[in-house]
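Asks: Going by this note's numbering, the sequence shown opens with residue 57, and the numbers climb by one from there. This structure is in structure tokens; I'll ask about it shortly.
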Amino acid sequence: MIRLPTLEMLIDPKSTTPIFRQIADQLRQAVDAGVHKPGEMLPSQRTLASDIKVNPNTIQRAYEALEREGIVETRRGVGVFVVRSDRRKLNAAETRLCNQFSTAIRIALKAGLTPDSTRVVFEQTLRQYLAGVDK
Numbered sequence: 057m058i059r060l061p062t063l064e065m066l067i068d069p070k071s072t073t074p075i076f077r078q079i080a081d082q083l084r085q086a087v088d089a090g091v092h093k094p095g096e097m098l099p100s101q102r103t104l105a106s107d108i109k110v111n112p113n114t115i116q117r118a119y120e121a122l123e124r125e126g127i128v129e130t131r132r133g134v135g136v137f138v139v140r141s142d143r144r145k146l147n148a149a150e151t152r153l154c155n156q157f158s159t160a161i162r163i164a165l166k167a168g169l170t171p172d173s174t175r176v177v178f179e180q181t182l183r184q185y186l187a188g189v190d191k
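Here's what the structure looks like:
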């Protein structure tokens, strides 16, 4: 089993940043730096929790956060693996787009549009854009 270099994992229990977020941030940095390669399996929740002396649920939350960001994927019954970089880029783009959509939806609803009318505006705009792209 491939194990993280735990000596480099620094957890500050007095920080305002939750411990799971500190772990996720450090794992993300390790993946970005190439310490952990695409396809590589990360340590189990229990192993990492034992190594850095935290509750396994904390590691689970960190892995879940990284999975939502598209950095790792969980293969049920097998483990947690680093995702290929091209998939991470797509997931990062999807995350940015989702954030932009959320902002647009919030603005539309504050302006008094209904969820249905907001969806109609989005669909019309998308159709117009795609019609212009085909030309």
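Where a beta carbon is used, it is the ideal one built from N, C-alpha and C, also for glycine.
(1) So residue 137 and residue 168 are in contact, right, with Cβ under 8 angstroms, and what is the actual spacing, rounded?
(2) Is the beta carbon of residue 79 closer than 8 angstroms to that of residue 118?
(3) Which residue comes first and which comes last in the alpha helix (DSSP H) that contains residue 120?
(4) Could you tell me the distance, in whole angstroms, from the CA atom of residue 72 to the CA atom of residue 178?
(5) So for residue 151, helix, strand or coil by DSSP?
(6) Using 8 angstroms as the cut-off, can you tell me whether the segment 155 to 163 makes contact with the segment 106 to 113, which would need three or more C-beta pairs spanning the two stretches below that distance?
(7) Using the C-alpha atoms, what's the distance from residue 139 back to residue 92?
Replies: Taking the definition as stated:
(1) As a first step, residue 137 must be located in the sequence shown, where it is residue number 81. As a first step, residue 168 must be located in the sequence shown, where it is residue number 112. About 46 angstroms; that fails the 8 angstroms criterion.
(2) By one-based count along the sequence shown, residue 118 stands at place 62. By one-based count along the sequence shown, residue 79 stands at place 23. Taking 8 angstroms as the Cβ cut-off, residue 118 and residue 79 qualify as a contacting pair.
(3) As a working mapping, residue 120 is identified with position 64 in the sequence shown. First-last of the alpha helix (DSSP H) with residue 120: 112 to 124.
(4) For the purposes of this step, residue 72 is taken as residue 16 along the sequence shown, with counting starting at 1. For the purposes of this step, residue 178 is taken as residue 122 along the sequence shown, with counting starting at 1. Going from the Cα of residue 72 to the Cα of residue 178 covers about 39 angstroms.
(5) Position 95 of the sequence shown holds residue 151. Residue 151 falls in the helix class under three-state DSSP.
(6) no
(7) Position 36 of the sequence shown, counted from the first residue, corresponds to residue 92. Position 83 of the sequence shown, counted from the first residue, corresponds to residue 139. Distance between the alpha carbons of residue 92 and residue 139: 10 angstroms.
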